[in-house]
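One structure below.
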Amino acid sequence: MSSRNANGSLIDDNHGTASIEDELSISRWKELKERFGRGWFRFSRNPISIAGGSMVLLVIILALFAPYLTPYPQHAREYTDFSQTFQPPNREHWFGTDEVGRDVFTRVIFGYRISLLMALVVLGISVPFGVMLGLISGYLGGRVETIIMRITDVFLAIPALVMALAICAAFTPTIEKAMLAVASIWWTWHCRLVNGITRSIKMEEFVQASQVNGASPLRIIIKDILPNCASAIIVKVTLDAGFVILVGAGLSFLGLGVQPPKPGLGTMISYGAAHLPTKWWLTVFPSMAIFFLILGFNLLGDGLRDVIAVEAEGI
Amino acid sequence: MEGRMAEPFLVVENLVKHFPIRAGVFQRQIGEVRAVDGVSLQIERGEIFGLVGESGSGKSTVGKTIVRIFRPTSGTIHFMGKDVTERTKRNVDFLTKQTQMVFQDPKSSLNPRRSILSTIEDALIVHRISHNGRNRRMIVADLLKRVELSPTYMYKYPSALSGGQRQRVSIARALAVNPFFIVLDEPTSALDVSVQAKIIRLLQRLQKELQLSYLFISHDLSLVRTIAKRTAVMYVGRIYELAPTEQLFLYPLCPYTRTLISSVPVISKEENRIKPAKQSIGGEVPSPVTPPSGCAFHPRCELADDICRKQLPDLEEVLPGHFTRCHHVEKNMTLDQIKEKSMIKKQGKS
Amino acid sequence: MNNNMLQIRDLHVHFHVYEGISRVLDGVSLHVLKGERVGLAGETGCGKTITMKSVMGILHIPPATIPRGEILLDGRNVLKLSKKELIRMKGTDISMMFQDPMNALNPVFTVGQQLRDVIRFSGRRLGEKSVLSKKEIYDRAIAVLREVRLPDPERIMSNYSLELSGGMRQRVLIAMDLVNKPKFLIADEPGTALDVTIQAQILDLLKELVKTRRISILLITHNLGVIQEMTERVYIMYAGQIVETSVTASLFEAPKHPYTQGLIASVPRLTGGEIAEGIPGTVPDYTVAPSGCRFHPRCPHAMTVCRSRKPPLIELDRDHEAACYLYGGQNG
């Protein structure tokens, strides 16, 4: 029946391979559908994640298609029309116009583009870097870990905003520099998070099983440990996005981030603040826009965290 | 069993494994866990060798050190004639293809984030047994069939499987590299009795078909009695008795072995009849951090006297193939003497 | 009737889950007489834990529901008690010994603090005129620790649970359970988390205490050896149904229900020999449980009637009943 064949391998291959392959691909699709279906079911059952997800999705769509969805896309660039300055919200300008006659609504939507880009760049740089360091330090342990984690501690002690302020003040402030500044400290949170998870997973038997199989540390880190960190990272990234946007807006508000005439939300608030309370629409709408986006990310992150916790309990 | 060679396949000599205990900001070592404190054993090709003991005995550590999850503190391991104690690349390559391990906890021995296919084919990829994804799928399908699971299970994730099914997957993973030797660390302890029976039968069948050797580690004495050819009893890092299984259970010589066997709750009269009388006076199982001096069982042994406190008895061959460690057992006893000694206090339950 | 400490009558418990209604308990009936030691044995998922939780009143009522059944503890219907009455009952009339002694004690309090808490509450609830004095509480604590044969009880009082070994923690737990002189003890897998030599000590201790204090005990476990050593009568449970009940000795000598037979055959023996093939198939999904006898898909003797109606418990001998149509009952 079954013993080792000429190569010493355990295989006996007397079956029609065609039918087995078909069966396998059918079951593969079935499993994928079921997994996705269950994940979606859990997600959709949770009102918080649906709310957050919708809000974020809305903003993303608006930002992506801004040129097509806004009434005055050219107002997002250099544009002045002094006949239309300081119009309160009306039918032509839903959010009113600003001090040089630009449509606030259009600029807010384009402002979303900048905010999202900021989050993307900052997290896109810092997260992979931080995760990688976290995995390496957590798995290798010993001196490597001590060195990496102590460096992390030093960086963690620096508040992101302060760092960004310092760099922007030292050089000419641009939004790019601000983003890099934030990224240069942001990685530490992810490094620490992943380091912690790696340390606990390292002890699990499935990691030992991979070691017994002769897998290299790199392979174990990527195939065994990283997938188990994925949920925590995703939740954190979602919550981070809101915070990064807030930091960016704060910097712009202080004049160190997005420079005019670019429609940064923080910048708009800063310029509009001088005209409070009479021309309230200059600050209120950009503020609400920021609030909406950050709230969306926070709800989404919370919702994802709930969904993942439920999944962990196996309900 | 036919075709079995009498030469030892795995030879472990004076294996020692200590784990440092670190504390403080600079992680200085303040003590050590003497998990394995000098273990020697030999396993033959195609043999099922049982290793029993309670917590802190070191039995799991022995298994994990043999498959090189842990590095030995000292001692040697010879496998198929080669000295594989050193952690060279050659040794690691050699060992990981010939030896494998099946773990205890079905929940943590499979990565919850990897499909069954990914888990099992890992070994095939690492050892370059197959470069072709389709080929690997066929091999995995075969392995799943061998452990009595449908090949369509390969796309499932561990959370969709029951404990028994997960252990089957663990066994399939172990078989993927065509090993000669498998360490099974409590493979069925987390399973229900009826499921355990099926898994044990599967393991026995595979062993016969593929001429595998097993190191079967368990705290369940009845289970080891059923399937192991020879059995060793460990206590606080050392072997205290080693004998052919039937002989160990019928004529246990070491007082600890007798205490162990007599403590097992059994369900039939026949089993009760062969249980020896308890020879311990209570007390706790010692921790391997602070093992007792001399013979580790002396704080709990009725026969303990001065020499037991001071000196660790050697593991001596009292009968051909039957080794034990006790100052109160004479070397070279005849079988009759042994029978008499172990019968003296046997429980005669009606 | 009043000789019964515990009586469960036709208990049904359902859970509302994503896939539908999970009918976990399907008409469970059992009883424990005063002073009796009864075992409830079954494998994972058979419903013994749910049964125990129902008796103790710690079942989460949504998502669980109890559409039918009664649980009488010393005559009172537990399911109809108010929350206040339930609280009063727990710890005094009925006590529960949890499975894992390693985690059941609070690590941030000393043994003494926890023991004193337990004693103090009991004093008030039993309506004693005055709360016990500090000395009285201390004496009671020491006394009960001595009763569970812990050496040096004075020192144990000031120990934290992490400083104690598994066996000692288990004894402390037993002490905490017994200090309020309960009439009924539910023991969930006693000693399973402990080494076998320690478990033997604990089981001996338990047997002795139960005898001297005349406590009724319901012992829940999957370990048939423990059932044999500790109980006088046993119920075998499968998939939410009681399939067999008998005096313990006769159950192991001559099991009648096919599930029990398969189960007992699967137990490895100290005398060696082959283990049986196990029982083919798996535990059913309770949302689509098999009709009639829930064991019929896995039963080598299944007949047509087994699919249609749940078999009643048929009396085979004095004190030996099995729910199986092999022994009649088709026309019942």
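Protein chains in written order, with my numbering: chain A, 1318 to 1632; chain B, 16 to 365; chain C, 335 to 666.
Every residue gets a Cβ at the ideal spot worked out from N, C-alpha and C, and that includes glycine.
If we cut at 9 Å on Cβ distances, does residue i have a partner in chain B?
i	result
I1337 (chain A)	yes
L1535 (chain A)	no
N1545 (chain A)	yes
D434 (chain C)	no
Q562 (chain C)	yes
D1541 (chain A)	yes
L1440 (chain A)	no
R603 (chain C)	yes
I1328 (chain A)	Residue confidence for I1328 (chain A) is low, a pLDDT of 45 falling below 50, so the modelled location carries little weight; the figure read from the coordinates is stated next. Yes, I1328 (chain A) counts as interfacial toward chain B.
I508 (chain C)	no
K1347 (chain A)	yes
By Cβ distance, which residues of its chain are closer than 6 Å to residue i, with the 5 residues on each side in sequence left out?
i	result
A657 (chain C)	V577, P645, L647
V99 (chain B)	I92, N106, L110
Q362 (chain B)	Low local confidence applies: a pLDDT of 45 at Q362 (chain B) is under 50, so the model's placement there is unreliable, with the coordinate-based value given in what follows. Excluding positions up to five away in sequence, the list reads K290, A292.
L406 (chain C)	Q341
C323 (chain B)	G309, C310, H313, H342
P589 (chain C)	Q595, I598
Beta-carbon of residue i versus every beta-carbon of chain C: anything under 9 Å?
i	result
F195 (chain B)	no
V210 (chain B)	yes
H234 (chain B)	yes
V281 (chain B)	yes
G363 (chain B)	Reliability fails at G363 (chain B), whose pLDDT of 40 lies under 50, so the model's placement of it is uncertain and the value that follows must be treated cautiously. Not an interface residue.
R244 (chain B)	According to the sequence shown, residue 244 (chain B) is Lys rather than Arg. By this cut-off, K244 (chain B) is not an interface position.
D200 (chain B)	no
S133 (chain B)	no
Less than 8 Å between the CB of residue i and some heavy atom of the ligand MN, yes or no?
i	result
A1526 (chain A)	Among the components modelled here there is no ligand, and therefore nothing to report on the ligand MN.
Leaving out five residues before and five after residue i in sequence, what residues of the same chain have Cβ atoms less than 7 Å from its Cβ?
i	result
E136 (chain B)	R151, V155
I1625 (chain A)	S1548, V1552
K463 (chain C)	Below a pLDDT of 50, predicted positions are generally treated as unreliable, and K463 (chain C), at 47, falls in that range; the measurement from the model is reported next regardless. Excluding positions up to five away in sequence, the list is empty.
V1373 (chain A)	G1613, F1614, L1617
V298 (chain C)	Residue coverage of chain C in this structure runs from 335 to 666, which leaves residue 298 (chain C) outside it and unanswerable.
R1622 (chain A)	V1552
Within 9 Å of any Cβ in chain A, is that where the Cβ of residue i sits?
i	result
H142 (chain B)	yes
Using C-beta distances below 8 Å, list every residue in its chain close to residue i, excluding the 5 sequence neighbours before and after it, in chain order.
i	result
V351 (chain C)	P397, T621
I36 (chain B)	Q44, I45, G46, E47, V48, V304
Q326 (chain B)	G309, C310, H342
P592 (chain C)	F629, C633, P634, H635, C658, L660
S1336 (chain A)	none
T241 (chain B)	I215
| said: Does the contact criterion of 3 or more C-beta pairs under 8 Å hold for the region 194 to 208 of chain B versus the region 568 to 578 of chain C? | reply: no
| said: I want to know whether the region 538 to 552 of chain C touches the region 356 to 369 of chain C - three or more CB-CB distances under 8 Å. | reply: yes
| So, do the region 1441 to 1457 of chain A and the region 1483 to 1494 of chain A have three or more beta carbon pairs nearer to each other than 8 Å? | no
| query | Hey, which unbroken runs of the alpha helix (DSSP H) at 4 residues or more fall wholly within the region 1536 to 1586 of chain A? | reply | 1543 to 1570
| field | In chain order, each alpha helix (DSSP H) run of at least 4 residues that lies wholly inside the region 485 to 521 of chain C | value | 487 to 491, 500 to 512
| query | Name the residues in the region 1516 to 1533 of chain A whose C-beta lies less than 7 Å from a C-beta of chain B; which are they? | reply | E1521, E1522, F1523, Q1525, A1526, S1527, Q1528, V1529, N1530, G1531, A1532
| query | Contact between the region 345 to 352 of chain C and the region 398 to 412 of chain C: three or more CB pairs below 8 Å? | reply | yes
| task | Flag this pair as touching only if the region 116 to 128 of chain B and the region 187 to 198 of chain B have three or more C-beta atom pairs under 8 Å; answer yes or no. | result | yes
| request: Would you check if there are 3 or more beta carbon pairs closer than 8 Å linking the region 1464 to 1473 of chain A to the region 1410 to 1430 of chain A? | output: no
| If you measure beta-carbon to beta-carbon, which residues of the region 481 to 501 of chain C are closer than 7 Å to chain B? | S499, G501
| field | Near-chain B residues of the region 544 to 560 of chain C (beta-carbon distance less than 8 Å), N- to C-terminal order | value | H556, N557, L558, G559, V560
| request: Check whether the region 431 to 447 of chain C touches the region 508 to 522 of chain C, counting contact only when three or more Cβ pairs, one atom from each stretch, lie closer than 8 Å. | output: yes
| Residues within the region 52 to 80 of chain B neighbouring chain C, beta-carbon criterion of under 7 Å | E69, S70
| request: Determine, using beta-carbon pairs with one atom in the region 246 to 258 of chain B and one in the region 59 to 73 of chain B, whether at least three such pairs fall under 8 Å. | output: yes
| task | Check whether the region 1344 to 1353 of chain A touches the region 157 to 173 of chain B, taking contact to mean three or more Cβ pairs, one atom from each stretch, closer than 8 Å. | result | yes
| Can you list the beta strand (DSSP E) stretches of 3 or more residues lying completely in the region 51 to 124 of chain B, in chain order? | 63 to 68, 89 to 94, 114 to 117
| request: With 8 Å as the C-beta to C-beta threshold (strictly closer), list the residues of the region 245 to 269 of chain B near chain C in chain order. | output: T260, E261, F264
| Residues within the region 97 to 115 of chain B neighbouring chain A, beta-carbon criterion of under 9 Å | V107, D108, L110, T111, K112, T114, Q115
| request: Decide yes or no for the touch test of the region 1506 to 1517 of chain A against the region 1444 to 1454 of chain A: beta carbon pairs closer than 8 Å, at least 3 of them. | output: yes
| said: To be precise: take each residue of the region 625 to 651 of chain C, compare its Cβ to all Cβ atoms of chain B, and keep it if any distance is under 9 Å. Which residues remain? | reply: none
| query | Using 8 Å as the threshold, is the region 1554 to 1569 of chain A in touch with the region 1581 to 1599 of chain A, meaning 3 or more CB pairs across them? | reply | yes
| field | Members of the region 571 to 589 of chain C near chain B, C-beta cut-off 7 Å | value | F586
| message | Quick check on the DSSP output: what are the complete alpha helix (DSSP H) runs of length 4 or more inside the region 578 to 620 of chain C, in order along the chain? | response | 582 to 587, 592 to 600
| request: Closer than 7 Å, Cβ to Cβ, to anything on chain C: give me those residues from the region 158 to 182 of chain B, in chain order. | output: S177
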